[in-house]
DNA sequence: ATTCTTCATGCAAGCGATTGCATCATTTTT
DNA sequence: AAAAATGATGCAATCGCTTGCATGAAGAAT
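Residue numbers (my numbering), protein chains in the order written: chain A, 1 to 386; chain B, 1 to 386.
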């Protein structure tokens with residue numbers, strides 16, 4: 001790629017010729033330019049390689065490689081020399097070369113709907129805490145709750161040779177055959193938060209049933225009787241589980257379950273119109289409490305309430321899943337169900353890495369269920385500042 | 001790595017022997033196991049390579065490679081055949097191999113303090129929007145406002161052969177020599193939001209001066225006269241610029257600048273104690289307005305106010321930098337300065353990619369300044385629901 | 001007809017690291 | 001003393017892809 005060279009233009013086709021390099025009118029010895037360009041490339045990140053060390057120490061590259069990896073074949077003495085020299089020249093193994101040779105990249109892919117979502121960013125922190133310790137890198141992608149985007153990202157990651165995948169499905173996703181394909185080809189996958197049925201692998205979720213039960217029960221115990229339920233796409237695993245928790249609490253207190261009080265949001269609250277519509281449909285039923293089943297929906301619903309019906313916004317008790325650390329700032333205030341996001345990330349990562357590093361195919365899979373925490377609304381606070 | 005083999009234990013040293021493989025008591029022909037293991041590795045991600053295509057089509061790998069890359073040397077006919085076949089077998093170039101050969105990875109590193117911060121997650125969305133289009137991958141790392149972590153992450157990324165780096169410095173960072181080193185070695189770097197002085201490269205920032213001026217002026221025009229300023233680490237570029245904007249607004253309205261009304265938070269509000277301390281020191285000065293200069297500080301300060309001095313929290317007017325999309329939910333409500341986060345990400349990425357792909361060293365650098373937006377508090381809303 | 005261009009393709013050398021096996025000197029065992 | 005085992009190291013192939021250059025055929029220019 002000798003940019004200093006004029007390439008001759010072919011008279012016939014008017015395209016640039018190849019194999020013919022001109023400097024002015026003279027054919028020139030290419031070496032001059034090639035060497036220059038090569039040097040430029042070499043200079044860029046002039047890091048020492050195993051070869052350099054080998055040459056400097058009068059050893060072979062294999063010996064150096066083995067010494068660096070602390071293999072038993074190499075004598076202690078040699079190891080010491082190699083290690084010392086490597087340290088001196090600040091040698092870093094080229095991870096790309098290693099990946100090529102070892103057919104793995106020491107990186108794991110993460111797919112979440114939005115990193116801006118508190119729950120997911122906390123999960124990611126959990127993932128990183130484990131991954132970095134075990135010397136894995138993480139590559140984060142966002143699906144923005146779109147199936148198409150999700151699939152694209154996963155395939156992009158797969159082509160980048162990730163060693164494993166951690167994924168929370170988008171609210172749109174129904175068809176996970178593309179994941180099955182990759183899984184069948186040997187890509188370890190661990191699902192978290194939003195997990196599919198009929199997919200035999202490790203999964204990590206919050207105790208959605210209990211979280212919902214607790215939140216709903218809390219509303220009931222505060223005297224609410226007409227409790228609506230605003231929730232995510234019907235297809236998501238946690239939507240179902242949370243609905244069950246809600247129902248169970250109603251049952252326990254002998255409150256009749258009314259399907260019309262349940263509203264699903266296909267896009268998980270990505271569009272505010274969706275939420276406003278749901279709120280609009282719900283209000284005529286005069287709910288005195290709403291239980292909301294996801295982070296984005298919770299904040300979105302309060303916003304929608306405030307925007308469309310400010311006069312009732314403060315009269316309806318709200319309990320919802322959210323990992324926002326700003327809940328205390330919200331007005332109207334609410335009771336929140338916090339998922340153990342950080343831990344979910346940690347556990348999922350541990351499972352994934354165990355799969356990646358397993359010597360032989362795994363046949364036993366677990367679904368880990370971690371408890372949620374109910375953070376009750378500070379009652380007085382809520383009123384004092386109203 | 002033939003795991004099916006028992007390695008004989010050396011009687012002398014009690015270590016496992018090498019070069020000697022046993023199956024039960026018999027020395028066995030190693031090939032059997034090696035082949036098996038190789039096959040397992042092969043099977044994992046059984047993707048077709050250029051070699052496979054070449055063999056199937058009776059061409060050389062060079063021709064296939066060139067055809068796939070649409071080089072002019074190859075005839076249209078051959079290209080068509082190769083492309084069709086590649087499509088058929090769903091060929092994907094191995095990016096690792098390509099990276100090794102080309103000495104670049106087609107990925108760019110991002111360092112932010114927290115992805116959970118709305119500003120940064122929006123920046124990241126902007127970065128992705130450009131990067132993915134140009135076929136670059138992004139790798140996100142968080143410094144958590146720690147210098148040590150930041151340096152570690154940058155070096156980790158660099159060793160992963162990123163092609164370029166987008167970075168917003170942590171609030172702790174003072175010494176950027178490690179970045180200078182990498183830059184000198186040829187790593188393109190673009191700074192955004194928190195940029196260093198004396199570093200000749202592209203930078204992208206918000207118009208911090210004007211943003212601060214506007215916010216402060218807004219407070220003044222609402223009748224406030226004792227306006228405190230809560231801000232980030234004194235060393236950050238935007239801290240200085242925002243302070244200047246604040247001062248300029250005071251000057252314009254003939255309000256005396258009082259240094260004691262300015263409080264710096266070294267850790268950018270990562271520790272709530274830091275904020276509570278600042279609030280505690282500020283309140284005795286009886287401010288009737290506070291201008292806060294960063295996302296995390298803004299929310300953190302309101303929280304601290306509410307927690308420590310709920311009785312005054314609603315009496316002090318607050319204006320602050322924040323990109324939170326939940327501002328409308330906050331109580332007390334506030335006036336916010338929104339940075340053009342998405343655009344900052346886009347512009348920074350475009351600049352970075354232009355550096356990466358530049359044919360020759362760049363000597364002219366730009367600092368792009370994008371305008372902020374002032375979102376005024378909804379006055380009635382603020383009161384009606386109090 | 002001869003020489004020069006133009007086109008199309010293949011050869012082979014890397015990129016940096018890993019690793020099976022050969023080699024050889026040195027024990028240890030029989 | 002001969003045979004076997006051990007210990008330390010090097011050779012060379014390989015991962016998948018890119019690319020400078022050689023090659024050889026066909027067409028154009030002289």
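Note that the Cβ used here is the ideal one computed from N, Cα and C, for glycine as well.
Bear in mind that the values here come from a model prediction, so they are computed numbers and not experimental data.
- At least 9 Å separates the CB of residue 338(A) from every CB of chain B.
- Distance from the CA atom of residue 57(B) to the CA atom of residue 93(B), rounded to whole angstroms, is 17 Å.
- Residue state for residue 137(A) is assigned as strand, using DSSP reduced to three classes.
- Under the three-pair Cβ rule at 8 Å, the stretch 94-107 of chain A counts as touching the stretch 154-162 of chain B.
- Judged by DSSP in its simplified three-state form, residue 120(B) adopts helix.
- The beta carbon of residue 301(B) lies closer than 8 Å to those of 230, 269, 275, 278, 279, 290, 292, 318, 320 in the same chain, with the five residues before and after it left out.
- Per the Cβ contact rule, the stretch 134-149 of chain B is in contact with the stretch 98-114 of chain B (3 or more Cβ pairs under 8 Å).
- With a cutoff of 9 Å on beta-carbon distance, residue 226(A) and residue 182(A) are scored as not near each other.
- Look at the beta carbons and you see the stretch 209-217 of chain A touching the stretch 243-258 of chain A: at least three pairs across the two are nearer than 8 Å.
- By the CB criterion at 9 Å, residue 171(A) and residue 200(A) fall outside the cutoff.
- Collapsing the DSSP output to three states places residue 373(A) in a strand.
- Here residue 116(A) is buried, its C-beta having at least 16 other C-beta atoms within 10 Å.
- The beta carbon of residue 349(B) sits closer than 6 Å to the beta carbons of 127, 130, 131 from its chain, once the five residues preceding and following it are set aside; these are given in chain order.
- When 343(A), 315(A), 47(A) are compared, the shortest CA-CA separation from residue 89(A) is found for 47(A).
- Residue pairing by DSSP places residue 338(A) opposite 373(A) in a beta bridge.
- Boundaries of the alpha helix (DSSP H) around residue 243(B): 237-252.
- Per DSSP, residue 365(B) lies in no beta strand (DSSP E) segment and is marked neither H nor E.
- Straight-line measurement puts the Cα of residue 218(A) at about 20 Å from the Cα of residue 259(A).
- DSSP places residue 228(B) in the uninterrupted beta strand (DSSP E) bounded by 227-232.
- Distance from the Cα of residue 196(A) is smallest, within the candidate group 207(A), 81(A), 209(A), 177(A), for 177(A).
- Across the structure, residue 343(B) and residue 168(B) are spaced so that their CA atoms are roughly 15 Å apart.
- Exclusion of the five residues before and after residue 194(A) leaves 168, 169, 236, 237, 238 as the residues of its chain whose Cβ lies within less than 7 Å of its Cβ.
- Leaving aside the five residues that flank residue 331(A) on each side, none in its chain has a CB nearer than 6 Å to its CB.
- Between residue 303(B) and residue 208(B), the alpha-carbon positions lie close to 24 Å from each other.
- Boundaries of the alpha helix (DSSP H) harbouring residue 151(B): 147-159, taken from the DSSP string.
- Residue 173(B) holds the alpha-carbon nearest to the alpha-carbon of residue 148(B) among 352(B), 173(B), 165(B), 99(B).
- When the Cα atoms are used, residue 282(A) and residue 206(A) turn out to be separated by approximately 27 Å.
- Against residue 160(A), the close residues of chain B are 95, 137, in the order they occur along the chain (beta-carbon pairs closer than 7 Å).
- Near chain A, meaning a CB-to-CB distance below 8 Å, the residues of the stretch 176-204 of chain B are 185, 186, 187.
- In chain order, 326, 329, 330, 331 make up the part of chain B whose C-beta sits under 8 Å from the C-beta of residue 330(A).
- Looking at the backbone, the Cα of residue 77(A) and that of residue 123(A) are separated by about 45 Å.
- With distances taken between CA atoms, residue 224(B) lies nearest to 288(B) out of 326(B), 192(B), 288(B).
- Per the coordinates, the alpha-carbon of residue 180(A) lies some 12 Å from the alpha-carbon of residue 191(A).
- Looking at the DSSP output, residue 109(A) sits in a beta bridge with 139(A), 165(A).
- If you draw a straight line from the Cα of residue 65(A) to the Cα of residue 135(A), it is about 19 Å long.
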